[in-house]
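Chains as they are written, first to last, in the numbering used here: chain G, 18 to 189; chain A, 18 to 189. Note that beta-carbon positions come from the ideal geometry of N, C-alpha and C, so glycine has one too. Computed from a prediction, not measured in an experiment: that's the story for all the values here. For reference, the structure is listed below as structure tokens.
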């Protein structure tokens with residue numbers, strides 16, 4: 018879920034999550050290769066909030082991290098590693114100043130979410146994604162799956178191996 | 018929900034929302050006066066996400082705006098004014114840099130949610146809160162109701178009267 022230029026699309030998303038595999042791409046059995054045509058898990062925009070963050074620099078976004086029921090339950094119970102089927106979603110929007118808010122506050126201080134940039138998911142399936150810590154990684158731009166390399170995603174997450182490769186902590 | 022130093026506590030929160038009125042305070046029938054002993058609506062931490070924001074300056078927080086089912090449905094349908102019973106929650110946390118994330122990104126760019134600061138609610142009840150645009154305003158610090166003046170809250174929200182006094186827009 019970090020600075021990833023490539024993420025694998027996950028057939029797992031299609032399993033009981035309302036997603037639909039349209040085609041399997043051209044990479045055969047290479048689980049880290051992109052698999053195009055997968056849609057995001059149905060209803061993810063309704064998932065519970067895990068936390069929020071802001072990234073400066075090239076990303077320049079403000080983001081919310083949501084989780085499906087399995088993921089949020091594990092967070093709240095402090096359960097590690099995350100159970101099979103856990104999905105963490107990272108929704109990001111452009112980071113934009115709000116003149117309207119600034120006027121209300123009387124100070125230039127307010128930044129809000131602008132247009133959406135992309136949505137990323139981490140999906141726990143230890144068997145399917147054994148080579149990337151048991152997590153599959155996927156990104157959607159404008160609702161369309163992006164061409165990604167899960168190994169690139171995973172390499173950024175290795176430093177938080179002790180939290181099952183998940184950066185975001187739960188915010189009460 | 019803006020730069021408010023005082024918010025009224027809402028008996029409305031106790032009506033069918035799982036909250037409990039412990040006492041009614043000493044302000045009698047003055048609806049804008051604080052009413053102590055009200056707890057936050059049950060389950061609000063599970064509500065759906067409306068949007069996110071960051072406030073610099075003295076607030077220096079990062080925040081998530083959640084809504085109950087009535088509020089989120091109205092947002093998604095573009096329904097204004099908000100229906101009776103709509104509640105908008107603003108959860109804020111200290112805005113803190115993440116060295117862990119910065120190392121992963123390779124840049125100093127990441128800010129995350131630290132310890133919680135306070136939680137504010139706007140509750141739509143046109144009759145009960147007729148003098149403040151139909152909205153009651155309430156804040157909780159560490160789960161305890163804060164001593165507030167709803168008129169102060171409301172005065173900040175007047176500039177967005179055309180959006181039924183609600184600043185936050187829905188982020189898709």
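Whether residue i touches residue j by CB criterion (8 angstroms)
{"i": "residue 81 of chain A", "j": "residue 69 of chain A", "result": "yes"}
{"i": "residue 153 of chain A", "j": "residue 135 of chain A", "result": "no"}
{"i": "residue 155 of chain A", "j": "residue 138 of chain A", "result": "yes"}
{"i": "residue 74 of chain G", "j": "residue 124 of chain A", "result": "yes"}
{"i": "residue 78 of chain G", "j": "residue 121 of chain G", "result": "no"}
{"i": "residue 151 of chain A", "j": "residue 174 of chain A", "result": "no"}
{"i": "residue 92 of chain A", "j": "residue 102 of chain A", "result": "no"}
{"i": "residue 88 of chain A", "j": "residue 99 of chain A", "result": "yes"}
{"i": "residue 76 of chain G", "j": "residue 66 of chain A", "result": "no"}
{"i": "residue 184 of chain A", "j": "residue 117 of chain G", "result": "yes"}
{"i": "residue 140 of chain G", "j": "residue 104 of chain G", "result": "yes"}
Which of helix, strand or coil DSSP assigns to residue i
{"i": "residue 122 of chain G", "result": "helix"}
{"i": "residue 51 of chain A", "result": "Low local confidence applies: a pLDDT of 39 at residue 51 of chain A is under 50, so the model's placement there is unreliable, with the coordinate-based value given in what follows. Residue 51 of chain A falls in the coil class under three-state DSSP."}
{"i": "residue 168 of chain A", "result": "helix"}
{"i": "residue 186 of chain G", "result": "coil"}
{"i": "residue 72 of chain G", "result": "strand"}
{"i": "residue 98 of chain G", "result": "coil"}
{"i": "residue 78 of chain G", "result": "strand"}
{"i": "residue 162 of chain A", "result": "strand"}
Range covered by the alpha helix (DSSP H) that runs through residue i
{"i": "residue 89 of chain G", "result": "86-94"}
Opening and closing residue of the beta strand (DSSP E) in which residue i lies
{"i": "residue 149 of chain G", "result": "Residue 149 of chain G -> no beta strand (DSSP E), and no H or E assigned at all."}
{"i": "residue 109 of chain G", "result": "104-114"}
{"i": "residue 130 of chain G", "result": "127-141"}
Counted within 10 angstroms of its Cβ, other Cβ atoms place residue i as buried (16 or more) or exposed
{"i": "residue 40 of chain G", "result": "Low local confidence applies: a pLDDT of 29 at residue 40 of chain G is under 50, so the model's placement there is unreliable, with the coordinate-based value given in what follows. The residue in question, residue 40 of chain G, is exposed, as its Cβ has fewer than 16 Cβ neighbours within 10 Å."}
{"i": "residue 97 of chain A", "result": "exposed"}
{"i": "residue 178 of chain G", "result": "exposed"}
{"i": "residue 162 of chain A", "result": "buried"}
{"i": "residue 147 of chain A", "result": "exposed"}
{"i": "residue 130 of chain G", "result": "buried"}
{"i": "residue 167 of chain G", "result": "buried"}
Cutoff 8 angstroms: residue i Cβ touching any chain D Cβ
{"i": "residue 91 of chain G", "result": "Included in the structure are the protein chains G and A, with no chain D among them."}
Check each residue of the stretch 114-128 of chain G: if its Cβ is closer than 9 angstroms to any Cβ of chain A, include it; give the result in chain order.
Residues are counted here when their Cβ sits less than 9 angstroms from a Cβ of chain A; for the stretch 114-128 of chain G these are 115, 117, 118, 120, 121, 122, 123, 124, 125, 126, 127 and 128, given in chain order.
May I ask you to list, following chain order, the residues of the stretch 94-115 of chain G that have a beta carbon less than 7 angstroms from some beta carbon of chain A?
Residues passing the 7 angstroms Cβ filter: 110.
Short of 9 angstroms Cβ to Cβ, which residues in the stretch 57-71 of chain G face chain A?
Within the stretch 57-71 of chain G, those residues whose Cβ lies closer than 9 angstroms to any Cβ of chain A are, in chain order, 62, 63, 64, 65, 66, 68, 69, 70 and 71.
Please name the residues in the stretch 160-173 of chain G whose beta-carbon is closer than 7 angstroms to at least one beta-carbon of chain A, in chain order.
Listed in sequence order: 173.
Contacting positions in the stretch 139-151 of chain G - beta carbon closer than 9 angstroms to chain A:
Correct list: empty, as no residue qualifies.
Scan the stretch 76-87 of chain A for residues whose Cβ lies nearer than 8 angstroms to a Cβ of chain G and list them as they occur along the chain.
Correct list: 76, 79, 80, 81 and 83.
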